[in-house]
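Beneath this line is the structure, given in structure tokens, with notes to follow.
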Amino acid sequence: MVAVGRVVHRRGAAVAMPWRNGGGSTTELTREPRQGDAFDWRVSVAEVAADGPFSEFSGYDRVIVLLAGDGMNLRFDDTGEVVTLRTPLDALRFDGERPVSAHLVGGPTTDLNLIWRRAAFDAEAAVVEAAGSRIIGNGDGTTLVHIVRGEIEIDGDRAASAGDLVEWRGAQVVVGDATAVVFTVSSREA
Numbered sequence: 018m019v020a021v022g023r024v025v026h027r028r029g030a031a032v033a034m035p036w037r038n039g040g041g042s043t044t045e046l047t048r049e050p051r052q053g054d055a056f057d058w059r060v061s062v063a064e065v066a067a068d069g070p071f072s073e074f075s076g077y078d079r080v081i082v083l084l085a086g087d088g089m090n091l092r093f094d095d096t097g098e099v100v101t102l103r104t105p106l107d108a109l110r111f112d113g114e115r116p117v118s119a120h121l122v123g124g125p126t127t128d129l130n131l132i133w134r135r136a137a138f139d140a141e142a143a144v145v146e147a148a149g150s151r152i153i154g155n156g157d158g159t160t161l162v163h164i165v166r167g168e169i170e171i172d173g174d175r176a177a178s179a180g181d182l183v184e185w186r187g188a189q190v191v192v193g194d195a196t197a198v199v200f201t202v203s204s205r206e207a
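All residue numbers for the sequence shown refer to the working numbering, where the first residue is 18 and numbers rise by one.
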């Protein structure tokens with residue numbers, strides 16, 4: 018669905034693909050560019066069913082947001098640091114080349130991932146509670162809104178509900194009762 022400069026990516030319409038390291042699969046919601054093997058940035062939802070290493074993404078940065086499950090301990094092999102994502106919407110940003118392994122706390126988890134090429138882009142992540150009307154995004158870059166709970170409308174049009182990702186350039190007035198993860202991806206290039 019394309020309207021008023023926005024695209025809605027329905028999770029149910031997305032296709033699962035294997036992780037780069039073959040240890041699992043992820044459902045890619047969107048990427049830029051849309052075609053080809055290489056990407057500047059991408060948003061995906063991963064189902065983590067077992068302990069194991071994350072795929073390496075040299076030259077990229079990542080944000081992972083826990084969506085469901087009892088959480089995971091992320092162990093960075095280069096420093097021994099362990100970070101726990103325990104509660105849904107806990108998030109962590111890290112370099113894509115860092116060797117990290119997940120150890121599930123109490124069974125499978127679902128997480129949302131943004132991965133972007135650091136030399137050309139920067140990204141921010143925030144959890145937003147939308148009740149009523151508010152402006153989301155800014156004049157720079159691409160705004161990516163993943164609906165965790167509820168639904169939103171943009172310009173009076175039911176844009177998205179739980180599991181969907183809405184993408185637009187700049188800022189939009191959003192109306193709804195929803196919890197969302199908002200990513201903003203901006204170019205570093207002038």
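By construction, the Cβ of each residue, glycine as well, lies at the ideal position given by its N, Cα and C atoms.
Please state whether DSSP places residue i in a helix, a strand or coil.
i, result
"Gly-29", "helix"
"Val-122", "coil"
"Ala-55", "coil"
"Asn-90", "strand"
"Asp-128", "strand"
"Thr-104", "coil"
"Pro-50", "coil"
"Thr-196", "strand"
"Leu-95", "Reading off the sequence, residue 95 comes out as Asp, not Leu. If DSSP states are grouped into helix, strand and coil, Asp-95 belongs with coil."
"Glu-73", "coil"
"Ala-41", "The sequence shown places Gly at residue 41, not Ala. Here Gly-41 sits in coil by DSSP."
"Pro-7", "Summary: the structure shown does not reach residue 7, with the chain confined to residues 18 through 207, and so no result is reported for it."
In this structure, what does DSSP give as the bridge partners for residue i?
i, result
"Glu-184", "Val-24, Leu-161"
"Gly-296", "Coverage of the chain is limited to positions 18 through 207, which leaves residue 296 absent and any answer about it impossible."
"Phe-111", "Arg-79"
"Asp-68", "BP columns for Asp-68 are empty, so no partner."
"Gly-173", "DSSP output for Gly-173 lists no bridge partner at all."
"Ala-148", "Asp-194"
"Ala-63", "Thr-43, Asp-128"
Could you give the distance in angstroms between the alpha-carbon of residue i and the alpha-carbon of residue j?
i, j, result
"Ser-178", "Val-190", "16 Å"
"Ala-108", "Arg-23", "25 Å"
"Arg-37", "Gly-193", "36 Å"
"Ala-30", "Thr-44", "10 Å"
"Val-202", "Gly-154", "10 Å"
"Val-82", "Asp-128", "5 Å"
"Ala-176", "Val-25", "7 Å"
"Arg-27", "Asp-174", "15 Å"
"Asn-130", "Ile-171", "24 Å"
"Gly-69", "Gly-40", "7 Å"
"Gly-149", "Arg-166", "14 Å"
"Ile-169", "Arg-151", "11 Å"
"Gly-53", "Glu-184", "20 Å"
"Leu-161", "Val-199", "6 Å"
Let me know if residue i comes out buried or exposed under the rule of 16 or more other beta-carbons within 10 Å of its beta-carbon.
i, result
"Ala-147", "buried"
"Pro-105", "buried"
"Ala-197", "buried"
"Ile-164", "buried"
"Thr-159", "buried"
"Arg-126", "Reading off the sequence shown, one finds Thr at residue 126, where the question assumed Arg. Counting Cβ neighbours within 10 Å, Thr-126 comes out buried, since at least 16 surround it."
- Message: Would the stretch 128-146 count as touching the stretch 76-87 if we require 3 or more Cβ pairs under 8 Å?
- Response: yes
- Task: Decide yes or no for the touch test of the stretch 94-102 against the stretch 114-122: beta carbon pairs closer than 8 Å, at least 3 of them.
- Result: yes
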